[in-house]
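Quick notes on the structure that follows.
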Amino acid sequence: MVKVGVCGAAGRMGRTILEVCRDTEGVIIAAGVEHTESPVLGMDVGDVAGIGRQNVSMVADISSVIDDFDVLIDFTFADATLDNLRACQAAGKRMVIGTTGLSDVQKDEIRAAGRDCALVFAPNMSIGVNLCFKLIEMAAKIIGEDNDIEIIEAHHNQKKDAPSGTAVRMGEIIADTLDRDLKECAVYGREGLGAVRDKKTIGFETIRAGDIVGEHTVMFACAGERVEITHRASNRKTFAVGAVRAARWLMEKENGLYDMQDVLGL
Ligand SMILES: NC(=O)c1ccc[n+]([C@@H]2O[C@H](COP(=O)([O-])OP(=O)(O)OC[C@H]3O[C@@H](n4cnc5c(N)ncnc54)[C@H](OP(=O)(O)O)[C@@H]3O)[C@@H](O)[C@H]2O)c1
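One gets our numbering by counting positions in the sequence shown from 1 and adding 888 to each.
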């Protein structure tokens, strides 16, 4: 049995993760954490997620439930995730981090924490997106140098960070494969009069609209043809299933920082 704590438990992802935990054999919902001003504090996490009573109260202080769970799944925002990471690191607890929009300094802190606890950190927990990461790497190797590369992503209108963590990861994979520095070659949106496109750049376009769950296309275009690798998520469950799978997988692992490619054996 894996006892799972969920941070951001009242959020879009948190509620879906609670539902997947309830429906997954061998997983117990052991804690739900929200922020100190949250109106759901003290409520049963199952009532908050609409999945039936779980007899677990929503709390704000992670230290009050740190002994209750084996793995914390955190889909919140950057500063909250880092606070939770420090708590899990101090207690040697495992953690699955799905939060995106972290700074380089915050990502470095996550990497360093892998010395003290077992972590899965991935901007996208869906199996399909992780397969796309591999396909993109292959395409970049074969046609990347000769093509214009654009990454187009679309998400719902409440998403806080842009471009998405998945789009950034796609850019990093392409840049690494082509021996480029993403910080130098990324171009974010375009407007007005400018120089014509430099083939060495990687373009990012961001759409925020309605209730789009998450869509990513990487386009490799040259004279005469173009290749597009597209992933469309139609339901948040795909990320939640990946996160719970990562939590169970982590139980067998030593301290260290892992990503979904490790979890999926890719
Ligand atoms: N890796 C993946 O596969 C994947 C997939 C989807 C989303 N994400 C990422 O996951 C994160 C959450 O996405 P979402 O759509 O679920 O957002 P969301 O609906 O805004 O959920 C975040 C939740 O965290 C709560 N929260 C804020 N501060 C907190 C704190 N200090 N402690 C505990 N909880 C806190 C929020 O409460 P309030 O609303 O009251 O502020 C909210 O309930 C984003 O970074 C998103 O990009 C990752």
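We put the CB at the ideal spot given by N, CA and C, even for glycine.
Distance from ILE1117 to LEU1023 at the Cβ level is roughly 5 angstroms; contact confirmed, criterion being Cβ atoms closer than 8 angstroms. Taken atom to atom, the span from the alpha-carbon of GLY1091 to that of ALA1042 is near 14 angstroms. In the three-state scheme derived from DSSP, where H, G and I count as helix and E and B as strand, ASP958 is classed as coil. For THR1105, the enclosing beta strand (DSSP E) covers residues 1102-1110. Segment contact: the stretch 1130-1145 against the stretch 1028-1046, fewer than three CB-CB distances shorter than 8 angstroms; contact not assigned.
Here the C-alpha atom of GLY989 lies approximately 29 angstroms from the C-alpha atom of ALA1083. In the three-state DSSP reduction, CYS976 falls in the helix class (H, G or I).
In the three-state scheme derived from DSSP, where H, G and I count as helix and E and B as strand, GLU1060 is classed as helix. Per the C-alpha coordinates, the member of ILE1061, ALA1000 and GLN994 positioned closest to GLN977 is ALA1000.
Cβ-Cβ distances below 6 angstroms link ALA1134 to VAL984, VAL1008 and VAL1151 in the same chain, with the five nearest sequence neighbours on each side left out; the list follows chain order.
Secondary-structure assignment with DSSP links ASP1147 through no beta bridge to anything. Secondary structure of PHE963 (DSSP, three-state): coil. Scanning GLU1060, ASN1012 and HIS1104 for the CA closest to the CA of ALA1131 turns up ASN1012.
Between ligand 1 and the CB of MET901, the shortest heavy atom gap is smaller than 7 angstroms.
Apart from the 5 residues on each side of it in sequence, ASP1049 sits with its Cβ closer than 7 angstroms to the Cβ of THR988 and GLY989 in its chain, given in chain order. Here the C-alpha atom of LYS1088 lies approximately 49 angstroms from the C-alpha atom of ALA918.
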